[in-house]
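One structure below.
Chains as they are written, first to last, in this note's numbering: chain A, 1174 to 1422; chain B, 1174 to 1422; chain C, 1174 to 1422; chain D, 1174 to 1422; chain E, 1174 to 1422.
Next comes the structure, spelled out in structure tokens:
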């Protein structure tokens, strides 16, 4: 019984050639804290050499096209790996919370039309710790069990943004969903957190997805941050010597 | 005779399996002052072991999923106790007054389709008193009579927010409704006020709903507030000794 | 010939049992300056013991229910006195100018469907004078003539708000309308101004509508204001004696 | 070929009895700088004793009714002089630029349904000069030729507001239109600029439209401004005597 | 497979007589940084003596008509050179990013209905360099090859605004598109950047489009800026002599 109608009039999924996967798993990688969702999806698409099969568009997305090797791509794209019945939705743009509902509704409606067996929205979770654990929340205990050796259960609290909307719609539509949250410390891109999430996805999907590139990026970023920290410390020491010397920014 | 149409296009009630209650009573627990509505509904659902039968969703709700034991739930849910012909709508999120009208209209339309015999929106009412009385307002004297020994009549004034909208829609639709308002002192969660409201509901529904857990929570909160008050008093005495020491906030 | 369509999608008049008046007069009492419209309508409904036959509702009204003797009423209601072919629309809430157009359109469409013979929107008009005259403006000289011994014609200027919208819609629909404006001095409720307007309505409708209660209220308010003025004057004298004593507000 | 649809859902022209003019000229007088459009239309309607045949209404107009001799009129009205196949649209209210598009579209759709031979939107144009020239811009050289002895061509630049929207819609609909702009110096009502525009309209329409009243008003306004200027000058001389005396505003 | 609908309800292309080009190339010249798109389109329309065949209109465009030789034109127009199967969309107004999506969608839907073989949105790209290179981005390597000798590939990054939306829609609709970006230094009109873009278009279209006029304009602008720079330098020298002399703006 459904009272009333709340159509998702602002968001379109356009997949012209159709989907060949049977009961696919759909992973959603939208950028959030630590850009975890975007990095995870980008790396998986690249490692599995997934094929772009469509785009998601909306009047409410910012009017921006993204370039790779001079080729323009819509900023939110749908990729498929038909051998593994695996679909990835990858967003290169931050999306206003105002349309999280519409994206969630559109994605889950589409997932239902494909008889998807699982949705995996990826998010980041900020803590004060050095660790890079992966947390999980799900629509049911069965989905939590799938990752019980690799991820900690996020027992209580809430998940907001697009991952939250996807979980809500999954709950309401009785569609299995598993949200994986990469532990990170702040808003800067965190390839190491993304690598840890990918490990959980690899295990879950029984796939081998290399995170080598992400770990190298993380090492590089950390080395640079370390150098910068030393310079700042040095600069601070210098500063104390000259009273007129001031550092900005 | 109805001139014009004001459909409730922003709010959906989704109850897939249908409702088995006959002429149910529907209690609406949305958070407001003292979180009375939310606490009342949560406790009733828990004590009566009510079964979730659906959700309410809206593009205008914040995009957030709530977690209990790692399981994600939509933030506004519908529960049923078919033995007692009792339905509870429970919201874990604050809702913008802008959609109070739509929620009221959707809930009352749905209540009519179920031949509900009574709606009981729960609210809080802030006073300066230590007491925790329960106040009542209704669409008719008959409903006020149902609780005349347990609740004071809120003779004059007005009720705003979702409870107000539900009362308006009930009035217009000639559907019996009884608003119960738990007396509280401010915005902090007030389990004792909720316990008092539950006592009225128990009596009205001829049900035994324990409020033991709420009373314990209230005792605990009050003990902590008492300790805090003593510490603050101590701090204030210390303050008077040091002229430069100032406490903010 | 009508080019285009501007439906009034935001406002509903709900009158389930229908109207038994023939060619009724419809008086609209929305609160404005001096609350004149609201007080006039409340007093007429009370004195003529009019029966509530419906409500007006809108997504754009504030979500509030009003209580009389513990019973909840929708804030904008429709009353009828079938013996006198008289309908009163009474609003207990201030209404945003943004929906004045929709209310005007909905009310006049409904008035046409009832073959109403006259609409009487009530408003306040602020002047600097002590007097409590009643001013009139109308869709035609014929309507002005109906009250020419009791009300001054508001020769030039403009009327804004809901009364203005009702006059516009009446003008466009060629429906007779007579706006009565009670002279008042400011935003405080002015029962005396309302009483004067009721005298004009009584005369026009050939009805006896007592304004005794309003005059008593006005006397009481004025006595209190007089006392307050004396106190303030006293306080001001005291103030001049003590240089640090200052009164605010 | 028309791709897409942009209906004008916010603006209505209501002309119940229909129009008897054949291939009429339609003059649009909306207030703008110097109130030129409003004054021109008001004077023409008055001098030609045109009959009101309808109104234009919109949810987006301010909710205001205008009074003439105690009679309430909708603020935007349509008048006709059937002998001269002449229609005037007269607005007594300033209109938000946001609905200029909708007014332009509605008016031009209506003009097309009437097989109008010419639209004449009136506007003001602010310059620093004492002169009161009339400028013209048109959808074609043919229309500019009609007034080439009386008005200067506004060779380059742009026209914004309702007159601009009417010109755009005329251009797109291939309907002849001629915009007449009265030269004025600022925002104060300028009857002399309006009189000069009327002279051009009279010549164009081969009609005698007296501007005597406007010229007298202009003389009166200018005399008063002259007196005010002398007083201000006097005040300034006084000022120079007292160093602390300052005039604002 | 298309899930959901996102109609472009805000933007219309009106081309009454139809298009005679077969598989046309469509160049879109909307103003942006350096006004490059607008200048390119204006010059091409003028040099190829293209014929206006339509307009683009929208409720969300500013209400403004543009004048050339006293004739009023809609601000966004469609021109055709049927001999060369070439269509140019030329905008004289800045357009809010909020409707970039709708313009992109409407233009690309229309391009598809015409079986267009290529879309060429023009944009500006700001750098710190003196150079006036032309950059290219495309929906495929094939389109980049068309200009590989004349334009540098914009390898990575993003393009925002209307050109970005047109690229996104082309990507999603699998319609070939090539964005040409004229290198410029800032927001002032840059005819030299436009001339360089036109050279690339000429080469691509195998057309001779003179840029003589633009180069002369550029020389003139640069001479004036040079003079101004000298004056400012002079002024600055003067300034250093008098401590109280300050130049603003």
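Quick reminder that beta carbons are idealized off the backbone N, C-alpha and C, glycines included.
query, result
"Partners in chain A for residue 1328 of chain E, counting only beta-carbon separations shorter than 8 Å", "1240, 1242 and 1243"
"Stretch-stretch touch, CB-based, cutoff 8 Å, three pairs: the stretch 1268-1282 of chain D with the stretch 1374-1381 of chain C", "no"
"Test item: CB-CB of residue 1189 of chain A and residue 1243 of chain A under 8 Å", "no"
"Residue 1198 of chain D: first and last residue of the uninterrupted beta strand (DSSP E) it sits in", "1198-1202"
"Chain D contact for residue 1297 of chain C (CB, 8 Å cutoff)", "no"
"C-alpha distance - residue 1299 of chain B paired with residue 1289 of chain B, whole-angstrom precision", "30 Å"
"Residue-chain proximity (residue 1253 of chain D, chain E), Cβ-Cβ < 8 Å", "no"
"Classification of residue 1302 of chain E by the beta-carbon crowding that lies within 10 angstroms, buried from 16 upward", "exposed"
"Simplified DSSP state of residue 1266 of chain E, which is helix, strand or coil", "coil"
"Where residue 1305 of chain A sits in the DSSP three-state scheme", "coil"
"Interface positions of the stretch 1326-1357 of chain A facing chain B (Cβ-Cβ less than 9 Å), listed along the chain", "1326, 1327, 1328, 1329, 1330, 1331, 1332, 1333, 1334, 1335, 1336, 1337, 1338, 1339, 1340, 1341, 1342, 1343, 1344, 1345, 1346, 1347, 1350 and 1352"
"Residues of the stretch 1224-1235 of chain E with Cβ closer than 9 Å to any Cβ of chain D, in chain order", "1227, 1228, 1230, 1231, 1232, 1233, 1234 and 1235"
"Among A:1321, A:1342, A:1219 and A:1198, the one whose alpha carbon lies nearest that of residue 1387 of chain A", "A:1219"
"Three-state class that DSSP yields for residue 1242 of chain A in the structure shown", "coil"
"Local Cβ density within 10 Å of residue 1231 of chain C, reported as buried at 16 or more and exposed below that", "buried"
"Three-state secondary structure (DSSP) of residue 1207 of chain A", "helix"
"Closest residue to residue 1370 of chain D among D:1404, D:1213 and D:1203 (Cα-Cα distance)", "D:1213"
"Contact with chain C by residue 1205 of chain B, beta-carbon distance below 8 Å", "no"
"Residues of the stretch 1256-1280 of chain E with Cβ closer than 8 Å to any Cβ of chain A, in chain order", "1270, 1273, 1274, 1275 and 1277"
"Where residue 1310 of chain C meets chain D, residues with beta-carbon distance less than 9 Å", "1238, 1240, 1243, 1244 and 1245"
"Min CB distance residue 1317 of chain C to chain D below 8 Å", "yes"
"For residue 1281 of chain D and residue 1330 of chain B, the rounded distance between their alpha carbons", "52 Å"
"Local Cβ density within 10 Å of residue 1418 of chain B, reported as buried at 16 or more and exposed below that", "A caution first: residue 1418 of chain B carries a pLDDT of 35, below 50, which makes its placement in the model unreliable, though a value can still be read off. Exposed, since its Cβ has fewer than 16 Cβ neighbours within 10 Å."
"Burial state of residue 1221 of chain C (16 or more Cβ within 10 Å)", "buried"
"Under the three-state DSSP convention, the category residue 1404 of chain C falls into", "helix"
"As assigned by DSSP and simplified to three states, the class of residue 1183 of chain D", "coil"
"Through-space distance from residue 1285 of chain B to residue 1335 of chain C, alpha-carbon basis", "33 Å"
"Separation of residue 1305 of chain D from residue 1193 of chain E, as counted between CA atoms", "47 Å"
"Beta-bridge partners of residue 1330 of chain E, as assigned by DSSP", "A:1240"
"Beta-carbon spacing of residue 1262 of chain B, residue 1202 of chain B below 8 Å", "yes"
"Alpha carbon of residue 1248 of chain C to alpha carbon of residue 1223 of chain C, nearest angstrom", "16 Å"
"Between the CA atoms of residue 1355 of chain D and residue 1366 of chain D - distance to the nearest angstrom", "5 Å"
"Integer Cβ distance of residue 1260 of chain B from residue 1374 of chain B, believed to fall under 8 Å", "Not a contact, Cβ separation roughly 13 Å."
"Listed by chain order, chain C residues near residue 1313 of chain B by CB distance under 8 Å", "1244"
"Residue 1297 of chain C, buried or exposed, once every other Cβ within 10 Å from all chains shown has been counted against 16", "buried"
"Residues sharing a beta bridge with residue 1351 of chain C, DSSP", "C:1311"
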